[in-house]
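Residues 398 to 739 (my numbering) make up the sequence shown, in order. Single-structure report; data block below.
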Amino acid sequence: MNPADPRTGAHLLDALRSRAIALPDPSLRVDDATASLLGTGESYAAWLVTDGTASLVFRLARRRPEDMPCPMIDEFRAGSLIPDDIGSRPLAMDDLADNPLGTPYIVATYAPGSLRVPSAWDAGLLGSLAGRLAVLHERTYPLAGSVGGAAERLDIVREFDDSYAWWQAADPEIASGPEAAALALRIRPHIVAAAPAFDGISYSLIHGDLVATNILIDERGTPRLIDWEWARIGDVANDLALIGGRITEGPGTCRWTRRRSTGSSPSTSPPARLRPGWRRSHSRACAHAATHGSCSSASSPASTARERPSAPAIRYTPRRRGKCARASTRWSKSRGAAHASP
């Protein structure tokens with residue numbers, strides 16, 4: 398059954414009430430619960446299960462495990478590092494398709510709120526998001542990578558080469574065309590020249606896909622982050638640039654002029670640079686946290702502890718897309734319950 402099919406909600410409730418799958422939150426009264434579709438993304442359909450008091454979100458995979466852009470286990474492991482009150486957090490998972498729901502799934506906490514259209518992102522709201530990101534980025538690590546996976550220093554030149562090679566394989570008609578090839582030849586020397594600037598940076602837990610459709614605004618006006626599919630230890634510039642950077646892609650990103658957000662960029666009008674105040678707000682918040690002793694350095698959890706193939710846009714992501722897209726995992730051996738987060 399299609400995870401977004403209206404009948405999926407009834408099937409999900411039946412599985413819960415028959416105890417075919419276990420709940421990470423036993424306070425949720427499944428006999429009194431309802432299920433409603435929150436929305437669909439490129440990889441998941443999100444269902445809210447609530448009894449009016451306790452709530453959980455079941456994110457049902459719309460792809461086979463081997464077709465996921467990143468292994469579900471990466472998001473699951475990142476959940477243990479997500480600070481409180483930032484947004485949703487993965488609690489449990491089953492990445493095998495032959496479970497009672499008929500598809501891999503992640504169970505996450507519910508973050509109430511609503512989406513804002515890109516044009517509604519004014520300076521105040523963007524500043525609030527910068528403050529939330531400062532909390533997310535407080536803890537630093539010496540190496541980058543998926544949480545619990547291999548860790549290394551970020552090599553921006555290799556990231557570019559690997560990403561471009563991935564796009565050439567995934568969309569050769571565009572990525573291997575003369576325009577893209579010429580652009581890559583012009584861009585690469587600038588990346589090589591800028592590479593030394595990355596030598597001394599530290600890394601933090603990043604959301605990795607911070608488009609406007611992954612940010613909910615609660616009733617107090619506080620941004621809450623959802624959908625941690627691309628979460629990893631990486632360069633915080635990824636989170637700071639993605640929502641309002643110079644490259645916009647569809648309805649998920651905001652086009653910024655010197656005065657305000659105007660929504661997604663029309664193809665005939667390139668967006669202006671991101672307002673510098675957002676980065677300053679993030680820096681001030683980080684400095685405040687450091688002064689009060691809440692910023693800390695630690696060993697990388699990777700070493701110790703978007704997929705958008707149809708959209709020909711180049712977007713900086715510390716994870717090598719090709720490696721991530723090919724990875725898959727067999728994490729859950731249980732058919733009756735998902736594994737709970739440690």
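A virtual CB, placed ideally from N, CA and C, is assigned to each residue, including glycine. Predicted, not measured: the structure shown is a model, and the values here were computed from it.
Subject >> Contacts around Pro-480, its chain only, beta-carbon distance under 7 Å, and the 5 residues preceding and following it disregarded >> reply: When the five nearest sequence neighbours on each side are left out, the beta carbons in the same chain lying within less than 7 Å of the beta carbon of Pro-480 are those of Val-532 and Leu-533, in order along the chain.
Original post:
Buried or exposed: Met-469, going by 16 or more other Cβ atoms within 10 Å of its Cβ?
Top reply: Residue environment analysis places Met-469 among the buried positions, since at least 16 neighbouring C-beta atoms fall within 10 angstroms of its C-beta.
**OP:** Any chance you could list the beta strand (DSSP E) runs of at least 3 consecutive residues sitting entirely within the region 461-545, in chain order?
**Re:** Listed in chain order, they are 487-491 and 502-506.
Original post:
Counting only runs that start and end within the region 401-433, where is the beta strand (DSSP E) found for 3 or more residues in a row?
Top reply: Fully contained in the region 401-433 is no beta strand (DSSP E) run of length 3 or more.
Subject >> Contact check, Glu-472 vs Trp-625, beta carbons under 8 Å >> reply: Yes, Cβ-Cβ distance for Glu-472 and Trp-625 is below 8 Å.
**OP:** Using beta-carbon positions only, say whether Thr-506 and Leu-488 come within less than 8 Å of one another.
**Re:** Yes, they are a contact pair.
**OP:** Provide the residue(s) that pair with Trp-444 in DSSP beta bridges, ordered along the chain.
**Re:** Looking at the DSSP output, Trp-444 bridges to Leu-434 and Phe-455.
Subject >> Cβ neighbour criterion (16 or more within 10 Å) applied to Asp-411 >> reply: Exposed: under 16 other Cβ atoms inside 10 Å.
**OP:** Could you tell me whether the region 597-615 touches the region 510-518, where touching means 3 or more Cβ pairs closer than 8 Å?
**Re:** Short answer: they touch.
**OP:** In the DSSP assignment, find the unbroken alpha helix (DSSP H) run with Arg-585 in it and report its ends.
**Re:** Taken as a continuous stretch (DSSP letters only), the alpha helix (DSSP H) holding Arg-585 covers 575-591.
Original post:
Comparing alpha-carbon positions, which option in Arg-414, Pro-466, Leu-498 and Asp-636 lies nearest Gly-528?
Top reply: In terms of Cα proximity to Gly-528, the closest of Arg-414, Pro-466, Leu-498 and Asp-636 is Asp-636.
Original post:
How is Leu-607 classed by DSSP in three states: helix, strand or coil?
Top reply: Three-state DSSP puts Leu-607 in coil, outside helix and strand.
**OP:** Measure the CB-CB distance between Ile-588 and Val-544 and report whether it falls below 8 Å.
**Re:** Here Ile-588 is not near Val-544, since their CB atoms are 8 Å or more apart.
**OP:** Return the residue from the list Gly-436, Thr-431 and Leu-435 that minimises the CA-CA distance to Val-446.
**Re:** When Gly-436, Thr-431 and Leu-435 are compared, the shortest CA-CA separation from Val-446 is found for Thr-431.
Original post:
Does DSSP classify Glu-570 as helix, strand or coil?
Top reply: In the displayed model, Glu-570 falls within a helix according to three-state DSSP.
Original post:
Based on the DSSP output, what are the partners of Ser-599 in its beta bridges?
Top reply: Under the DSSP definition of a beta bridge, Ser-599 lacks any partner.
Original post:
Relative to the alpha-carbon of Arg-414, which residue among Ser-424, Asp-428, Thr-437 and Asp-632 has its alpha-carbon at the smallest distance?
Top reply: For Arg-414, the nearest C-alpha among the options comes from Asp-428.
Original post:
Of the residues Leu-582, Gly-546 and Ala-541, which one's Cα is nearest the Cα of Tyr-561?
Top reply: Of the listed residues, the one whose Cα sits closest to Tyr-561 is Leu-582.
Subject >> CB of Gly-574 within 8 Å of CB of Gly-605, strictly >> reply: With contacts defined as CB atoms closer than 8 Å, Gly-574 and Gly-605 fail to qualify as a contacting pair.
Original post:
What residue does the beta strand (DSSP E) around Leu-551 start on, and which one ends it?
Top reply: Premise fails: Leu-551 is in no beta strand (DSSP E) and is neither H nor E.
Original post:
Which residues does DSSP pair with Arg-617 in a beta bridge?
Top reply: Answer is none; Arg-617 lacks a bridge partner.
Subject >> Exposure label - Ala-628; buried when at least 16 CB within 10 Å >> reply: Buried, because 16 or more other Cβ atoms sit within 10 Å of the Cβ of Ala-628.
Original post:
Cα separation between Leu-498 and Met-398?
Top reply: Those two C-alpha atoms are separated by around 9 Å.
Subject >> Cβ distance (whole Å) where Asn-496 is taken to contact Ile-571 below 8 Å >> reply: Wrong, their Cβ atoms sit about 38 Å apart, outside the cutoff.
Subject >> Whole-number beta carbon distance between Gly-406 and Trp-444, since they are thought to touch under 8 Å >> reply: The pair is a contact, with the Cβ atoms about 6 Å apart (cut-off 8 Å).
Subject >> Cα-Cα separation between Phe-557 and Val-454, rounded to whole angstroms >> reply: As the crow flies, the alpha-carbon of Phe-557 is around 35 Å from that of Val-454.
Original post:
Are Arg-621 and Gly-476 touching if we call contact CB-CB under 8 Å?
Top reply: No. Outside cutoff.
Original post:
Roughly how many whole angstroms lie between the Cα atoms of Glu-616 and Leu-580?
Top reply: C-alpha separation (whole angstroms): 44 Å.
**OP:** Note down, in chain order, each residue of its chain lying with its Cβ closer than 6 Å to the Cβ of Leu-435, except the 5 sequence neighbours on either side.
**Re:** Counting only Cβ-Cβ distances below 6 Å, and skipping sequence neighbours, we find Ala-443 and Leu-445.
Subject >> Same chain, Cβ closer than 6 Å to Leu-526, neighbours up to 5 away in sequence not counted >> reply: Contacts found: Pro-620.
Subject >> Exposure label - Thr-450; buried when at least 16 CB within 10 Å >> reply: The Cβ neighbour count for Thr-450, taken over all protein chains shown within 10 Å, is under 16; the residue is labelled exposed.
Subject >> Length of the line joining the Cα atoms of Ala-401 and Arg-486 >> reply: Between the alpha carbons of Ala-401 and Arg-486 lies a distance of about 21 Å.
Original post:
By the 10 Å Cβ neighbour count, where 16 or more other Cβ atoms means buried, how is Asp-596 classified, buried or exposed?
Top reply: Counting Cβ neighbours within 10 Å, Asp-596 comes out exposed, since fewer than 16 surround it.
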